[in-house]
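What follows is a single structure, written as structure tokens, with notes after it.
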Amino acid sequence: MKCVRVTGHGGRERLEIEEREKPEPGQGELRIEVRAAGINFADIMQRRGDYHGGPTPPYTPGMEVAGVVDAVGEGVGREPGEEVVAMVDGGGYAEYALADATGVFDVPEGFSFEEAAGFPVQFLTAHNCLHGWGRLEEAEAVLIHAAAGGVGTAAVQLAREAGAEIFGTASTAEKLSKAESLGCDHPINYVEEDFVEVVDRETDHGVDLVLDSVGGETTSRSLEALRHFGRMVVFGAASGEPGRLRTDNVLFANQEILGYHLGHALRLQPMRVMEAVPDLVQHLETGTLEVQLDRTFTLDAVRDAHAYIENRESMGKVVLRPTDAHL
Ligand SMILES: NC(=O)c1ccc[n+]([C@@H]2O[C@H](COP(=O)([O-])OP(=O)(O)OC[C@H]3O[C@@H](n4cnc5c(N)ncnc54)[C@H](OP(=O)(O)O)[C@@H]3O)[C@@H](O)[C@H]2O)c1
Numbered sequence: 002m003k004c005v006r007v008t009g010h011g012g013r014e015r016l017e018i019e020e021r022e023k024p025e026p027g028q029g030e031l032r033i034e035v036r037a038a039g040i041n042f043a044d045i046m047q048r049r050g051d052y053h054g055g056p057t058p059p060y061t062p063g064m065e066v067a068g069v070v071d072a073v074g075e076g077v078g079r080e081p082g083e084e085v086v087a088m089v090d091g092g093g094y095a096e097y098a099l100a101d102a103t104g105v106f107d108v109p110e111g112f113s114f115e116e117a118a119g120f121p122v123q124f125l126t127a128h129n130c131l132h133g134w135g136r137l138e139e140a141e142a143v144l145i146h147a148a149a150g151g152v153g154t155a156a157v158q159l160a161r162e163a164g165a166e167i168f169g170t171a172s173t174a175e176k177l178s179k180a181e182s183l184g185c186d187h188p189i190n191y192v193e194e195d196f197v198e199v200v201d202r203e204t205d206h207g208v209d210l211v212l213d214s215v216g217g218e219t220t221s222r223s224l225e226a227l228r229h230f231g232r233m234v235v236f237g238a239a240s241g242e243p244g245r246l247r248t249d250n251v252l253f254a255n256q257e258i259l260g261y262h263l264g265h266a267l268r269l270q271p272m273r274v275m276e277a278v279p280d281l282v283q284h285l286e287t288g289t290l291e292v293q294l295d296r297t298f299t300l301d302a303v304r305d306a307h308a309y310i311e312n313r314e315s316m317g318k319v320v321l322r323p324t325d326a327h328l
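Right, dumping it as structure tokens:
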């Protein structure tokens with residue numbers, strides 16, 4: 002099978018196409034013929050070697066796929082031919098990938114494989130950060146950073162469905178109009194405006210919840226925008242710098258800082274992560290939530306796909322297509 006290999010930590014030249022044997026499913030696993038694989042920002046951080054506990058090269062990247070079950074291991078209640086979506090522990094950028102059956106679900110009705118591959122990591126993260134971890138309530142104010150990104154566009158839609166007042170940051174007017182079109186009430190171009198000042202101006206007391214995927218100074222400044230008894234969920238460091246917090250601010254304001262990591266939560270508390278799936282699938286099937294598909298690249302163009310995201314051109318989801326044979 003054809004697959005992408007990261008041959009060493011570093012730039013995009015470290016992404017290479019190789020021919021390898023198809024992986025064989027063990028107990029509780031199934032093999033999927035991949036029709037589409039989602040790309041996530043973490044894939045880029047892992048390739049660069051900037052990801053805490055990330056894989057050691059050589060490896061095949063990719064955390065989520067959609068496709069057709071091709072072979073099943075012992076104890077798996079699925080049949081070859083079924084169309085599925087799966088979260089995978091690496092190996093998604095390939096013509097075939099192995100998945101543990103606990104992270105596999107049906108393709109939502111009416112979904113293309115690209116839309117299906119574009120939903121698990123980013124929508125589950127957005128749902129869990131807002132609801133499972135962040136406990137968002139109706140009419141609360143939430144600040145979502147990188148609001149036009151993959152997780153961001155999912156979070157804006159979910160917060161809109163929850164009846165929240167949404168502050169969203171992004172770096173360009175085009176990105177902000179995307180976020181606004183999805184329900185962001187206060188789009189903030191953080192290059193031109195201080196997001197803390199905007200929150201101060203528009204609220205009496207700050208926001209109730211912050212979703213921080215950027216890290217660095219954005220994390221510490223976000224605390225200034227958070228009200229007393231507010232919650233902040235930290236789940237990424239797209240800036241390349243982890244956030245640094247002064248705990249005196251946190252304790253005087255009775256604030257909560259929560260960490261979220263999908264992979265570790267899925268391994269240690271799978272039910273807590275996966276309980277969001279039925280709600281998400283129902284909203285995606287009825288169209289109240291939509292995967293914001295941006296661009297699809299072929300497997301051979303994987304370097305261009307990473308460049309598109311690294312250069313901050315992407316809005317919503319970017320997907321890889323291993324083969325044209327089934328389109
Ligand atoms: N903890 C978890 O389980 C989990 C799961 C999924 C995602 N994440 C994290 O959530 C974040 C979003 O992931 P995603 O896949 O949806 O990516 P994304 O939001 O589509 O892309 C990242 C965005 O971050 C913003 N950004 C800010 N500083 C940046 C910098 N120095 N370099 C590049 N981008 C920068 C950019 O938006 P602007 O141009 O608008 O600033 C960029 O478009 C990432 O940090 C990712 O690691 C965490």
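Numbering of the sequence shown is given in the working numbering, commencing with residue 2 and proceeding in unit increments.
Glycine included, every Cβ here is placed at the ideal spot set by N, Cα and C.
Fair warning: this is a prediction, and the values are worked out from it, not measured in the lab.
Straight-line spacing of the CA atoms in TYR309 and PHE253 works out to 42 angstroms. Looking at the DSSP output, ILE33 bridges to VAL70, ALA98.
It is roughly 28 angstroms from the alpha-carbon of PHE114 to the alpha-carbon of GLU14. DSSP places ARG268 in the helix class (H, G or I) of the three-state scheme. Residue VAL208 holds the alpha-carbon nearest to the alpha-carbon of PHE230 among GLU80, VAL7, VAL208, ASN129. If you look at LEU246, you'll find it isn't in any beta strand (DSSP E); DSSP assigns it neither H nor E. Under the three-state reduction of DSSP, ARG296 is assigned to strand. Burial of HIS307 is indicated by the presence of at least 16 other C-beta atoms within 10 angstroms of its C-beta. Bridge partners of ILE189 according to DSSP: THR170. If you ignore the 5 residues before and after GLY133, its C-beta comes within less than 7 angstroms of the C-beta of ARG273, ALA277, all in its own chain and listed in chain order. If you draw a straight line from the Cα of THR61 to the Cα of ASP205, it is about 49 angstroms long. When C-alpha distances from ARG232 are compared across LEU144, PRO188, PRO109, ALA140, the shortest belongs to LEU144.
In the DSSP assignment, the residues bridged to VAL105 are ALA87. Secondary structure remark: continuous alpha helix (DSSP H) runs of at least 4 residues inside the region 112–139, in chain order: 114–118, 121–128. Ranked by Cα distance from CYS130, the first of MET88, VAL73, GLY12, HIS146 is HIS146.
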